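Residue numbers (this note's numbering), protein chains in the order written: chain A, 715 to 856; chain B, 715 to 856. Before any comments, here is the structure.
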DNA sequence: TCTACATCCTCTAGCTGCTGGAGGTTCAAG
DNA sequence: CTTGAACCTCCAGCAGCTAGAGGATGTAGA
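As structure tokens, then:
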């Protein structure tokens, strides 16, 4: 039986985060000690490791919920899990493409900075005038 | 003199967002009509365009605050703006590297999925066992 | 057994960067 | 003078945690 602190250390999670996952129903309510402290077994350790690993791969908590559900039902079709992973892969690829455009633009800004004062700073100039940009970087966020 | 709605359209910003920027001090309080509605001039249009463009390039609102301040003081050194842009570039590069690792791992998961049921689903298997991973993808988030 | 002190508990609020809605007012056209 | 779009303020919520207050529990050493 593990305390929440031990579980936290073993999985590289913060204690607060574990309680948060429990609160939103991602982890089951664990047993408690006589005094009311959480006590975890190995199955909960596995489950949290799964969650953390999926988070590291960028899956949303909602996606993880689905994946956990699939994992809990070994008879369900693998195709669902596959679809979730593909969706995630697509998202990652989209983000990469966007970041690539940003990188190009930022590199150009920085490269062209001559080092005078801000009156004719290339960085600020580009920000002031969108038409200075070569690449497409319309959408904000993600 | 522009209404907030017109300003919103011209800059591709939502009305709420403009009010939000004002609230957090990123945009100055504009003049008002007799009835109390916001009225904007071209200088405010320029400022908001600047903000939006910087956001598109992924700068945080705090960074934008600094950039605006630099832009307002043409005698300050360009080096500061340059440093902010370089910082942003570095962040973008770090995120790209991370996403690259994720992409590799996700591609592998998806490629190796044989299409049976979840009992021996490759996707779930990898999530269950971190040691299956080839690449490094430690940190969570952004 | 007592005491110290780390760890645990619940609850609330905050972070970024918006976004949406309720409930009410103003403006411009017809 | 009416209509209806656009405006106003204020509050709540999204993801995914994180931090802190204020108090209870657990364990190791004296």
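C-beta atoms are modelled at their ideal positions from N, C-alpha and C, and glycine is treated no differently. Please read these numbers as outputs of a predicted model, since none were measured by experiment.
query                                                                                                                                                                                                       : result
Using CA coordinates, which residue listed in A:726, A:787 and A:738 is at the minimum distance from residue 831 of chain B?                                                                                : A:787
Curious, which full-length alpha helix (DSSP H) runs of at least 4 residues does the region 782 to 829 of chain A contain?                                                                                  : 792 to 825
Within the region 715 to 748 of chain A, note down every full beta strand (DSSP E) run reaching 3 residues or more, in order along the chain.                                                               : none
Taking C-beta pairs closer than 9 Å, name the residues in chain A that residue 796 of chain B reaches, listed in chain order.                                                                               : 823, 824, 827, 829, 835, 836 and 837
Can you tell me which of the three DSSP states residue 843 of chain A falls into?                                                                                                                           : coil
Can you check whether the C-beta of residue 770 of chain A is within less than 7 Å of a C-beta belonging to chain B?                                                                                        : yes
Output, in chain order, the set of chain A residues within a Cβ distance shorter than 7 Å of residue 841 of chain B.                                                                                        : 764, 767, 768 and 781
So with Cβ pairs under 7 Å, would you call residue 845 of chain B a contact of chain A?                                                                                                                     : no
What are the partner residues of residue 753 of chain B, as DSSP defines its beta bridges?                                                                                                                  : B:745
Tell me whether the region 800 to 809 of chain A and the region 715 to 730 of chain B touch, counting them as touching only if at least three CB pairs, one residue from each stretch, are closer than 8 Å. : no
So residue 826 of chain B packs on residue 836 of chain B, CB below 8 Å; how close in whole Å?                                                                                                              : 4 Å
Do you know how far the Cα of residue 771 of chain A is from the Cα of residue 743 of chain A?                                                                                                              : 25 Å
Taking the alpha-carbon positions, what's the residue 761 of chain B to residue 839 of chain A distance?                                                                                                    : 12 Å
For a contact defined as C-beta to C-beta under 7 Å, what are the partners of residue 793 of chain B on chain A?                                                                                            : 829
Please report the distance separating the alpha-carbon of residue 779 of chain B from that of residue 765 of chain A.                                                                                       : 37 Å
Enumerate in chain order the residues of its own chain whose CB-to-CB distance from residue 777 of chain B is below 6 Å, with the five nearest sequence positions on each side excluded.                    : 798
Could you check which residue in A:834, A:819, A:716 and A:833 has the C-alpha nearest to that of residue 768 of chain B?                                                                                   : A:819
Would you mind sorting residue 796 of chain B into buried or exposed? The rule is 16 or more other CB atoms within 10 Å of its CB.                                                                          : buried
What would DSSP say about residue 850 of chain A, mapped onto helix, strand or coil?                                                                                                                        : coil
If we count the other Cβ atoms within 10 Å of its Cβ and call it buried at 16 or more, is residue 815 of chain B buried or exposed?                                                                         : buried
Determine the burial state of residue 845 of chain A: buried for a count of at least 16 other Cβ atoms within 10 Å of its Cβ, exposed for fewer.                                                            : exposed
With 16 as the cutoff for other CB atoms within 10 Å, does residue 785 of chain A come out buried or exposed?                                                                                               : buried
With C-beta atoms as the reference, is residue 824 of chain B less than 7 Å away from residue 800 of chain A?                                                                                               : yes
Can you tell me whether residue 812 of chain B is buried or exposed, with buried defined as 16 or more other CB within 10 angstroms of its CB?                                                              : buried
Among the residues of its own chain, which have a CB less than 7 Å from the CB of residue 745 of chain A, if the five just before and after it don't count?                                                 : 753
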